[in-house]
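**Student:** After the structure tokens below, expect a handful of questions from me.
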Amino acid sequence: MNSIFDISSYDYELPKELIANAPTLPKEDARLLVYDRKNDKISHLKFKNLSEILPPCDIIFNDTKVVKARIFGKKDSGASIELLLNSPLNDNKFSCYIRGKVREQTRLYFGDLEAEVLELFEDGSRIVKFSQNQKELCVSELYEILEHIGHVPLPPYIKRADQKEDESWYQSIFAKNQGAVAAPTASLHFDEKILNELKQNHNISYITLHVGAGTFKGVEASDIREHKMHSEFYDIPNLTADLISSNKPILGVGTTVTRSVEYFARTKQKSGFCNLFLNPDNRPIRQNYLLTNFHLPKSTLIMLVASFIGLKKTMELYKIAVENRYKFYSYGDGMLII
Numbered sequence: 000m001n002s003i004f005d006i007s008s009y010d011y012e013l014p015k016e017l018i019a020n021a022p023t024l025p026k027e028d029a030r031l032l033v034y035d036r037k038n039d040k041i042s043h044l045k046f047k048n049l050s051e052i053l054p055p056c057d058i059i060f061n062d063t064k065v066v067k068a069r070i071f072g073k074k075d076s077g078a079s080i081e082l083l084l085n086s087p088l089n090d091n092k093f094s095c096y097i098r099g100k101v102r103e104q105t106r107l108y109f110g111d112l113e114a115e116v117l118e119l120f121e122d123g124s125r126i127v128k129f130s131q132n133q134k135e136l137c138v139s140e141l142y143e144i145l146e147h148i149g150h151v152p153l154p155p156y157i158k159r160a161d162q163k164e165d166e167s168w169y170q171s172i173f174a175k176n177q178g179a180v181a182a183p184t185a186s187l188h189f190d191e192k193i194l195n196e197l198k199q200n201h202n203i204s205y206i207t208l209h210v211g212a213g214t215f216k217g218v219e220a221s222d223i224r225e226h227k228m229h230s231e232f233y234d235i236p237n238l239t240a241d242l243i244s245s246n247k248p249i250l251g252v253g254t255t256v257t258r259s260v261e262y263f264a265r266t267k268q269k270s271g272f273c274n275l276f277l278n279p280d281n282r283p284i285r286q287n288y289l290l291t292n293f294h295l296p297k298s299t300l301i302m303l304v305a306s307f308i309g310l311k312k313t314m315e316l317y318k319i320a321v322e323n324r325y326k327f328y329s330y331g332d333g334m335l336i337i
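If you want it as structure tokens, here you go:
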């Protein structure tokens, strides 16, 4: 099998202590590994240097807002249960993941919020409907309740309970449109100071892609071409669509922006569900530069990085990041590909 298709090619060793459990503060002090493709040059900088080194380009961010999507409750039997919301479906139904044994028609109780399990799927997801005081809840009503009773849905590799600080740490400063159950983590590095510096020489645009729990799901197929990519709702405003349709250089902040930009470049659809799987066999056709965090081994996200710079260079940069003790994953440091 060609190595770019072999899942084991995207594996690497990561010491546990390099998984960040909290962000670097102030944000400008987070580290930034910069790879200049034209000169095949690697630099070790900080986010405070970003505006000095970025080539001329327009910048696109994801303005999705993370929902407090994790809730703890009980079954009829009194057994404890944990539910992680994934995404809304039609007819006030929701896709979710449930820790604890359930069957169809099982009822779950989270104070006066009630959930009925409607369907079970082999991938571990469940379809449920929520009600309160016997009134079926729509998306906005449920999100309002979760804001009061829910917990920040920290990724599974952060081995601690969420705390008050995570409400701001795990949310970008421009988060606006509710619907994500995971943060677009490259955006977490930006504060007002860094944004204002960038705005002096770069136009800023936004897309919305509601990151789902599938973002953490590893690729299980030994041949990555057999992987079934998860879908996530996205929406691209007219001004951003015009930018993507132009020939201006674009920096996509994060893998979610990248997938949205590239999906629109291929389909011209401004809104819908994005299931684009970028990898070395399906490379970007529109986005020029990428800013992203360091990702899980064997994940679609590390494959997306490889779609820009190839498998060999990606694994070389990850090895260098480990040797230089960069912090990894959601609260970790960043990588800029120019």
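The sequence shown begins at 0 in numbering that gives the first Met the number 0 and counts up one residue at a time.
Glycine included, every Cβ here is placed at the ideal spot set by N, Cα and C.
#1: Please look up how many angstroms separate the CB atoms of N61 and T255, rounded, as I've assumed it's under 8 Å.
#2: Within 10 angstroms of the Cβ of P152, are there 16 or more other Cβ atoms? Answer buried if so, exposed if not.
#3: Within the same chain, show all residues whose beta-carbon is closer than 6 Å to that of R282, passing over the 5 residues directly before and after it, in chain order.
#4: With C-beta atoms as the reference, is T291 less than 7 Å away from A185?
#5: Just to confirm, is the Cβ distance from G339 to N89 under 7 Å?
#6: Give the straight-line distance between the Cα atoms of L275 and K67, rounded to the nearest whole angstrom.
#7: For E164, which of helix, strand or coil comes out of DSSP?
#8: Report, in whole angstroms, the separation of the C-beta atoms of L32 and F46, which I expect to be a contact under 8 Å.
#9: Output the distance between the C-alpha atoms of F120 and I126, rounded to the nearest integer angstrom.
#10: Are the Cβ atoms of I97 and L82 separated by less than 7 Å?
#11: Distance check for I52 and G213, CA to CA, integer angstroms please.
#12: From the DSSP secondary-structure annotation, give me the bridge partner or partners of V65.
#13: Please classify I249: is it buried, with 16 or more other beta-carbons within 10 angstroms of its beta-carbon, or exposed?
#14: For the region 263 to 277 and the region 33 to 45, state whether three or more C-beta atom pairs, one from each stretch, are separated by less than 8 Å.
#15: Can you tell me which of the three DSSP states H294 falls into?
#16: Would you say the region 314 to 327 touches the region 164 to 183, given that touching needs at least three Cβ pairs under 8 Å?
#17: In the DSSP assignment, find the alpha helix (DSSP H) that holds S257 and state where it starts and stops.
#18: State the start and end residues of the unbroken alpha helix (DSSP H) segment that holds K192.
#19: Report back the beta-carbon spacing between F263 and I284 to the nearest angstrom; my notes put them in contact at under 8 Å.
#20: Which of the three DSSP states, helix, strand or coil, is assigned to F120?
#21: How far does the beta strand (DSSP E) with Y233 in it reach, from first residue to last?
#22: Can you list, in chain order, the residues of its chain whose CB lies under 7 Å from that of K73, leaving out five sequence neighbours each side?
#23: Check for me: the beta strand (DSSP E) holding H43 runs from which residue to which?
#24: Using the beta-carbon count (16 or more within 10 Å), is F129 buried or exposed?
#25: Where does I223 land, buried or exposed, given buried means 16+ other C-beta within 10 angstroms?
#26: For V116, which of Y34, N91, S139 has the nearest alpha-carbon?
#27: Can you tell me which of the three DSSP states N85 falls into?
#28: What does the alpha-carbon distance come out to for the pair Y156 and Q133?
#29: Alpha carbon to alpha carbon, how far is Y11 from P296? Give it in angstroms, no decimals.
#30: Excluding sequence positions up to five away, which residues of its chain have a Cβ less than 6 Å from the Cβ of S2?
#31: Using only CA atoms, which one of E322, L310, P279, K247 lies nearest to Y288?
**Tutor:** So, from the listed chains and residues:
#1: Yes, N61 and T255 are in contact; Cβ-Cβ is about 5 Å, under 8 Å.
#2: By the neighbour-count rule (16 or more Cβ atoms within 10 Å), P152 is buried.
#3: Result list for R282: S306, in chain order.
#4: Yes, Cβ-Cβ distance for T291 and A185 is below 7 Å.
#5: One cannot answer for residue 339 here, as it falls past the ends of the chain, which runs 0 to 337.
#6: Each residue's Cα considered, the two are about 26 Å apart.
#7: DSSP places E164 in the coil class of the three-state scheme, outside both helix and strand.
#8: Between F46 and L32 the Cβ distance is about 11 Å, and since that is not below 8 Å, they are no contact.
#9: F120 and I126: Cα-Cα distance of roughly 8 Å.
#10: The beta carbons of I97 and L82 sit closer together than 7 Å.
#11: The straight-line gap separating the alpha-carbon atoms of G213 and I52 is approximately 33 Å.
#12: In the DSSP assignment, V65 is bridged to A179.
#13: By the 10 Å Cβ count, I249 comes out buried.
#14: They do not touch, by the three-pair rule.
#15: If DSSP states are grouped into helix, strand and coil, H294 belongs with coil.
#16: The way I'd put it, the region 314 to 327 doesn't touch the region 164 to 183; fewer than three beta-carbon pairs between them come closer than 8 Å.
#17: Contrary to the premise, residue 257 reads as Thr rather than Ser in this sequence. Taken as a continuous stretch (DSSP letters only), the alpha helix (DSSP H) holding T257 covers 254 to 266.
#18: For K192, the uninterrupted alpha helix (DSSP H) run begins and ends at 191 to 198, by DSSP.
#19: Not a contact, Cβ separation roughly 11 Å.
#20: Three-state DSSP puts F120 in coil, outside helix and strand.
#21: Looking at the DSSP string, the run of the beta strand (DSSP E) that includes Y233 is 231 to 234.
#22: Around K73: S79, I80, Y108.
#23: That run of the beta strand (DSSP E) goes 40 to 45.
#24: Classification of F129: buried, given that the 10 Å Cβ count is 16 or more.
#25: Classification of I223: buried, given that the 10 Å Cβ count is 16 or more.
#26: The candidate whose alpha carbon is nearest that of V116 is N91.
#27: N85: strand per DSSP, three-state reduction.
#28: Going from the Cα of Y156 to the Cα of Q133 covers about 37 Å.
#29: Those two C-alpha atoms are separated by around 6 Å.
#30: Only S8 meet the Cβ criterion.
#31: Residue K247 is the option with its Cα nearest to Y288.
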